[in-house]
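Down below is the structure, laid out as structure tokens.
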Amino acid sequence: MGFFRNEVLGLSDGLDDMGDIRWHLAVSLVVAWIVTFLCLLKGIKTTGKVVYFTALFPYVVLAILFFRGVTLGDGVGDGVTFYIKPNLNRLTDAKVWRDAANQIFYSLGPCWGGLVTLASYNRFQNNALTDTLIVAIGNALTSLFGGFVIFSYLGYMAAQINVDIEDVVRSGPGLAFIVYPEAVTHLPAPPFWAIAFFFMLILLGLDSQFAMVETLLSGMLDQWPKFRKYKTLVILMICVVLLLLGLPLVTEGGAYLFNLMDTYSASYSLMTIGLLMCISISYIYGAERFFKDMTVMYGSRPLVLWKVCWMFLSPALVLFILIFAIVDYSPATYGSYKYSSGGEALGWLMVAASAVWIPIWIIYTLLTDKKGDSLLERWRNISSPNIFWGPALIKHRQLIDYAPGFVVDPYLEREKEAHFNPAVSMSSINVDVPNGQKQSSYNTKF
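Written as structure tokens, this is what we have:
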């Protein structure tokens, strides 16, 4: 623990003392962004192939650690028992519910944008429901399996130093950088397995980094198609900017800042965004229309349970956890360190930094919409899909006969509009084609 805090992090006295940059960490950060840039430069096909290895290799390492962990001897059984024995009294603790939500948002990745971005490269009739179930069940089983691995070693370590299991190490980076390194020392050829374990951590981090940057990149290129011809430069700028934003995290006080981000921006803001997504899909776009969209894509009608989840169960559960966490709020801490009021304010600013753009964009579009005279008319306009919304190909658009006013051929419709209104002469249209790649925007003259 002392080596991690003093030699690796060079931990300062608090958030008010950020200290100097830890150059070995800064170099690692630069290398990570160089790898991200090079992989994204080749496009989604390259990163998709890389992920086959980066996603499967951790299971090999976990399996080896598991079989060694359960054969260590004294304390292993106590550790596993501690892991699987429920403590129902903790259900009244808001932090438990918030941490559970954090685990889901982190491990499954909803509301980060990465799932939507990567799914946009699928074929139109790809069954996303099956994919969703596989990912969700696989994630749950992986988390459960990882728990057996970590607690077998925690139990063994507690027995060796004669302390309670919960006193061995707290949650957070200590699990990855203290417990697991201790675990690999009990394997044959410890240096090899130490390298393999930390290589696994690097791969897991790069996986997440690929998805997040691809989300930002796709959003920018879809919103401003004219930048597609400068894609390399856009990727470079994104990586450089995010590298610079990450530098404070590799200072001597960076761990305190990282903990703030982990506590605030990855919990309250994601729950807020998730709640708004459920409301938007179910009550603005319409759960029934979304349900029929899925029927067209998958060829069969999904279970009504999905609609019940979108409309009631999911938003109710997220709202419950969010309110419970706010009512039973306690300031963030990092070990024995307590953040000042300024540190807490910075944490809440992180929450607002992502969620606040939703109402800002709504207000902006309401004020700039030119098709409605009243606010109500403008709201109806901005909350209704435009004529280009829907499948990219005409053969798939012809399947949609349930949406009033849906335009099967938006290009022909825009051409007719241009014929009677010369002001409509050019439109940049983003088209997702079902061949696994996102096609460049069409600049079509009507």
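In our numbering, the protein residues as written are 1 to 446.
We treat Cβ as the ideally placed atom computed from N, Cα and C, and that holds for glycine.
- When only Cα atoms are considered, D401 and V296 end up about 10 Å apart.
- Assigned with DSSP and collapsed to three states, I400 falls in coil, not helix or strand.
- Taken in chain order, the complete alpha helix (DSSP H) segments of 4 residues or longer contained in the stretch 289 to 337 are 304 to 308 and 314 to 327.
- Comparing C-alpha distances from F37 to each of I238, I284, R378 and S280 shows the shortest one belongs to I238.
- Within the same chain, and ignoring the five residues on either side of P110 in sequence, the residues whose Cβ sits closer than 7 Å to its Cβ are G274.
- Approximately 7 Å separates the beta-carbon atoms of Y264 and W348; this is inside 8 Å, confirming the contact.
- Taking C-beta atoms as the reference points, D328 and A94 count as a pair closer than 8 Å.
- Rounded to the nearest angstrom, the Cβ distance from G69 to Y153 is 5 Å, consistent with a contact under 8 Å.
- Residues T215 of the same chain have their beta carbon placed closer than 6 Å to that of G113, with the five preceding and five following residues left out of the count.
- Pairing F388 with P359 gives a Cβ-Cβ distance that is not under 8 Å.
- Judged by DSSP secondary structure, P191 falls within the alpha helix (DSSP H) whose first and last residues are P190 to Q223.
- CA-CA distance, Y59 to L11, rounds to 32 Å.
- In the assembly as shown, S383 is an exposed residue. Its beta-carbon has fewer than 16 other beta-carbons within 10 Å.
- Put simply, of V76, F57, L244 and A100 the residue whose alpha carbon is nearest the alpha carbon of L322 is A100.
- In terms of CA proximity to L201, S28 leads the group S28, K395, G390 and P404.
- With a cutoff of 8 Å on beta-carbon distance, I104 and V250 are scored as not near each other.
- Counting along the chain, no alpha helix (DSSP H) covers L247, and no H or E run does either.
- For the set Y298, D262 and W310, the Cα lying nearest the Cα of C278 is the one of W310.
- Rounded to the nearest whole angstrom, the C-alpha separation of I134 and L144 is 15 Å.
- Excluding residues up to 5 positions away in sequence, nothing lies with its Cβ nearer than 6 Å to the Cβ of G73 in the same chain.
- Using a 10 angstroms sphere on the CB of G219, the tally of other CB atoms stays under 16, which defines it as exposed.
- Counted as a single uninterrupted DSSP element, the alpha helix (DSSP H) harbouring V35 occupies residues W23 to L41.
- Using a Cβ distance threshold of 8 Å, Y230 and L15 do not count as a contacting pair.
- Straight-line measurement puts the Cα of L62 at about 38 Å from the Cα of L221.
- Contact annotation: F151 and Y106 have beta-carbon atoms that are not nearer than 8 Å.
- In this structure, F312 sits away from P302, with a CB-CB distance that is not shorter than 8 Å.
- Out of L399, Y156, A136 and P385, the CA that lies nearest to the CA of I281 is found in P385.
- Within 10 angstroms of the beta-carbon of V318 lie 16 or more other beta-carbons, which makes it buried.
- G147 and F406 have their C-alpha atoms some 49 Å from each other.
- Around the beta carbon of T272, 16 or more other beta carbons sit within 10 angstroms, so the residue counts as buried.
- The Cβ-Cβ distance between L40 and I161 does not fall below 8 Å.
- Rounded to the nearest whole angstrom, the C-alpha separation of L129 and G79 is 36 Å.
- The shortest C-alpha to C-alpha distance from M261 to any of Y334, G155, Y285 and V163 is the one to Y334.
- When the five nearest sequence neighbours on each side are left out, the beta carbons in the same chain lying within less than 7 Å of the beta carbon of H396 are those of F124, in order along the chain.
- Setting aside the 5 residues that flank it on each side, P248 is surrounded in the same chain by M18, G254 and L257, each with a C-beta closer than 8 Å to its C-beta; the list follows chain order.
- Here V408 has I394, R397, Q398 and I400 as same chain residues with Cβ atoms under 8 Å from its own Cβ, once five neighbours each way along the sequence are excluded.
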